[in-house]
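> Protein sequence lines correspond, in order, to chains V and X. The numbers in numbering that gives the first Met the number 0 rise by one with no breaks, and the one at position 153 of the first sequence is 152. The numbers in numbering that gives the first Met the number 0 rise by one with no breaks, and the one at position 71 of the second sequence is 70. Note that the Cβ used here is the ideal one computed from N, Cα and C, for glycine as well. Please find one structure pasted underneath; my questions will follow.
Protein chains: 2
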Amino acid sequence: MAARPATEGSADQRRDAMLRAAAELIAERGFADTRIADVAKRVGASPALVIYYFGTKDRLLTEALRFSEQSFYAAADRLLASTSSIEKRLDALVQLTCIPQDYDDIPGAWGLWFDLWAQAFRHPEVKRDRVELDQRWRSIIERIVRDGIRAGEIAEVDAKQFAVTFAALLDGLSIQTALEDPEVDPQRAYGIAMDFAAGTLGISRRAKRRRRSSASTRR
Amino acid sequence: MAARPATEGSADQRRDAMLRAAAELIAERGFADTRIADVAKRVGASPALVIYYFGTKDRLLTEALRFSEQSFYAAADRLLASTSSIEKRLDALVQLTCIPQDYDDIPGAWGLWFDLWAQAFRHPEVKRDRVELDQRWRSIIERIVRDGIRAGEIAEVDAKQFAVTFAALLDGLSIQTALEDPEVDPQRAYGIAMDFAAGTLGISRRAKRRRRSSASTRR
DNA sequence: CTCCTTAGACTGAACGGTCAGTCAGTTGCA
DNA sequence: TGCAACTGACTGACCGTTCAGTCTAAGGAG
């Protein structure tokens, strides 16, 4: 009815709202089945306005993907800043990836990774972005290990090698939990990841069992 | 012009040709961007015939996904049958997953996994299928290990646990190689996987370096 | 052997729904 | 007055699916 509803915030806030809405919708329906009309409806705007901001559907969706992944890494960074023991840090990291939950208010966000991968596989620009994102992820792991070594919590190991391996393992495990494989429930995935870390880094895992047994939110 | 062109084979063969064409196209363009018209063109038929065989586009694509994954496992089975040493078997398995190549004449087949995952994440039926497929995959690994134990090649280990972990690691690694991550090239992925297997199962890895250095076909 | 029938394989053309993107214009603030 | 934010109505392309009908091989019946 009216232009500039004034109820909504600034242009930047609206843009963000659209990105968030798009990310949610991609997670729910998938990249290809997300319509700009849906995004528009979710933020209470006209489809035309979405185009006004993003130019094309493709740009909107691609930016939304980036937006969401970045918010994931931001969460990881925060988490890393709030703890210092290597054990607690790894624990938090593994929970972040293996246990389905909304790490940053985007529900079912794991679905986004699948779409990101599928998109990256076919579009060079997205591919470049993804590589960057993943390097960031590995460097977070690397930093945790280096800090652990420096603090004398663990012995010297090849931090980079560990990061690459551990990141791959976590990816693989979270595929299973995201897809609800009955043989690899979140508990088990968590255990496998922590066992590997403990074994490789030489940390003893004690008294970690029988916790958060009902914490695996089933989406 | 003519019905029953007679140049083509039986109905079954045509169905298969369509499935194969669909799988190829999904690998190239992605699930959502595959048109029945393209499939029809690739097999030299009319779009109507494709519908005639599969009813709907969705059924065609879903079946194509299954078709291709099964051909992957068939390749794995064959491979398992042709060697018996645990070391050679694992080596072949790792190469199958980590080194980009056409395992069964469908080029760029890794892209199919991304689409399968994305599809499984959202559609219960596909999800069930995928779980089954993955259990088959793990049981292949498990069998290799059990055979190795029985033959006295390696010490007793929890074969199931190893299978789940190793499968996850391989998934994670092949994501990186499929997406051409510069830090995780096929060589390195291969090395990481084999190191893990060797370390966990207690096999010594000797004289495996400096092989197939130029074998990583860049798609 | 020939005619007739039937069923399955197959097609061209058209239909109808869905959307991304356009456009001409409106509103309100600075 | 001018500019940025915003909209409703529209359109043009795309594409899955339908349909009415064609062609052919196979299998009797005479």
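1) Can you pull the chain V residues whose beta carbon is under 9 Å from the beta carbon of E182/X, in chain order?
2) Please list the partners that E155/X has in chain V, where partner means a Cβ-to-Cβ separation under 8 Å.
3) Quick one: give me the first and last residue of the alpha helix (DSSP H) that G198/V is part of.
4) Quick check: is the beta carbon of L24/X nearer than 7 Å to any beta carbon in chain V?
5) Using a Cβ-Cβ distance under 7 Å, would G147/V count as near chain X?
6) Under 7 Å between the Cβ atoms of E141/V and A162/V?
7) Roughly how many angstroms separate the alpha carbons of G198/V and L169/V, rounded to a whole number?
8) Please tell me whether R58/X has its Cβ less than 7 Å away from any Cβ of chain V.
9) Helix, strand or coil for D133/V per DSSP?
10) Which runs of the alpha helix (DSSP H), 4 residues or longer, sit entirely within the stretch 12-82 of chain X?
11) Looking at Y72/V and R135/V, is the spacing between their C-beta atoms short of 7 Å?
12) Using CA coordinates, which residue listed in A154/V, D180/V, A91/V and T96/V is at the minimum distance from D133/X?
13) Where do the ends of the alpha helix (DSSP H) carrying G171/V lie?
14) Nearest to R19/V by alpha carbon, out of Y51/V, T55/V and T61/V?
15) Let me make sure I understand the geometry here. Which of Q118/X, L95/X and S45/X has the alpha-carbon closest to that of A63/X?
16) Whose Cβ in chain V lies nearer than 7 Å to the Cβ of Q100/X?
17) Kindly indicate if chain V contains any beta-carbon less than 7 Å away from that of F120/X.
18) Is DSSP giving R211/V helix, strand or coil here?
19) Taking the C-alpha atoms as reference points, what is the distance between A39/X and L59/X?
20) Is the number of C-beta pairs between the stretch 10-30 of chain V and the stretch 104-124 of chain V that are closer than 8 Å three or more?
21) Whole angstroms is fine: what's the gap from P123/V's alpha carbon to W116/V's?
According to the data block:
1) As a working mapping, residue 182/X is identified with position 183 in the second sequence. Under the 9 Å cutoff, chain V gives V130, D133, Q134, R137, K159 and V163.
2) Counting from one through the second sequence, the residue named residue 155/X turns up at place 156. What E155/X touches in chain V: nothing, since even the nearest Cβ is about 17 Å away.
3) Here residue 198/V refers to the residue found at position 199 of the first sequence. P185 to L200 is the span of the alpha helix (DSSP H), which, as asked, contains G198/V.
4) Taking the first residue of the second sequence as 1, we reach residue 24/X at position 25. L24/X does not count as touching chain V.
5) For the purposes of this step, residue 147/V is identified with residue 148 of the first sequence, where counting begins at 1. No, because no Cβ of chain X sits closer than 7 Å to the Cβ of G147/V.
6) Walking along the first sequence from the start, residue 141/V turns up at place 142. Walking along the first sequence from the start, residue 162/V turns up at place 163. Their beta carbons are under 7 Å apart, which means E141/V touches A162/V by this criterion.
7) Walking along the first sequence from the start, residue 198/V turns up at place 199. Walking along the first sequence from the start, residue 169/V turns up at place 170. Cα-Cα distance, rounded: 15 Å.
8) As a first step, residue 58/X is located in the second sequence; it is residue number 59 there, counting from the start. No, no contact with chain V.
9) Residue mapping note: residue 133/V aligns to position 134 of the first sequence, counting from 1. The answer is helix: DSSP assigns D133/V an H, G or I state.
10) 35-42, 46-53 and 56-81
11) Counting from one through the first sequence, the residue named residue 135/V turns up at place 136. Counting from one through the first sequence, the residue named residue 72/V turns up at place 73. With respect to Y72/V, R135/V sits close: the two C-beta atoms are nearer than 7 Å.
12) The sequence position of residue 133/X within the second sequence is 134, counting from 1. Of the residues A154/V, D180/V, A91/V and T96/V, the one whose Cα lies closest to the Cα of D133/X is D180/V.
13) Counting from one through the first sequence, the residue named residue 171/V turns up at place 172. Unbroken alpha helix (DSSP H) run through G171/V: A158 to A177.
14) Residue mapping note: residue 19/V aligns to position 20 of the first sequence, counting from 1. Among Y51/V, T55/V and T61/V, the Cα nearest to that of R19/V belongs to T61/V.
15) Position 64 of the second sequence, counted from the start, is the residue given in the question as residue 63/X. If we check each option's Cα against that of A63/X, Q118/X comes out closest.
16) Mapped onto the second sequence, residue 100/X falls at position 101. Residues of chain V passing the Cβ test: none, with the nearest at roughly 16 Å.
17) Here residue 120/X is taken as the residue at index 121 of the second sequence, counted from 1. Interface residue, yes.
18) Residue 211/V sits at position 212 when you count from the first residue of the first sequence. Low per-residue confidence applies at R211/V: pLDDT is 40, beneath 50, and the placement is therefore not dependable enough to give any value.
19) Indexing the second sequence from 1 puts residue 39/X at position 40. Indexing the second sequence from 1 puts residue 59/X at position 60. The alpha-carbon atoms of A39/X and L59/X are separated by roughly 12 Å.
20) yes
21) Taking the first residue of the first sequence as position 1, residue 123/V is located at position 124. Taking the first residue of the first sequence as position 1, residue 116/V is located at position 117. Approximately 11 Å between the Cα atoms of the pair.
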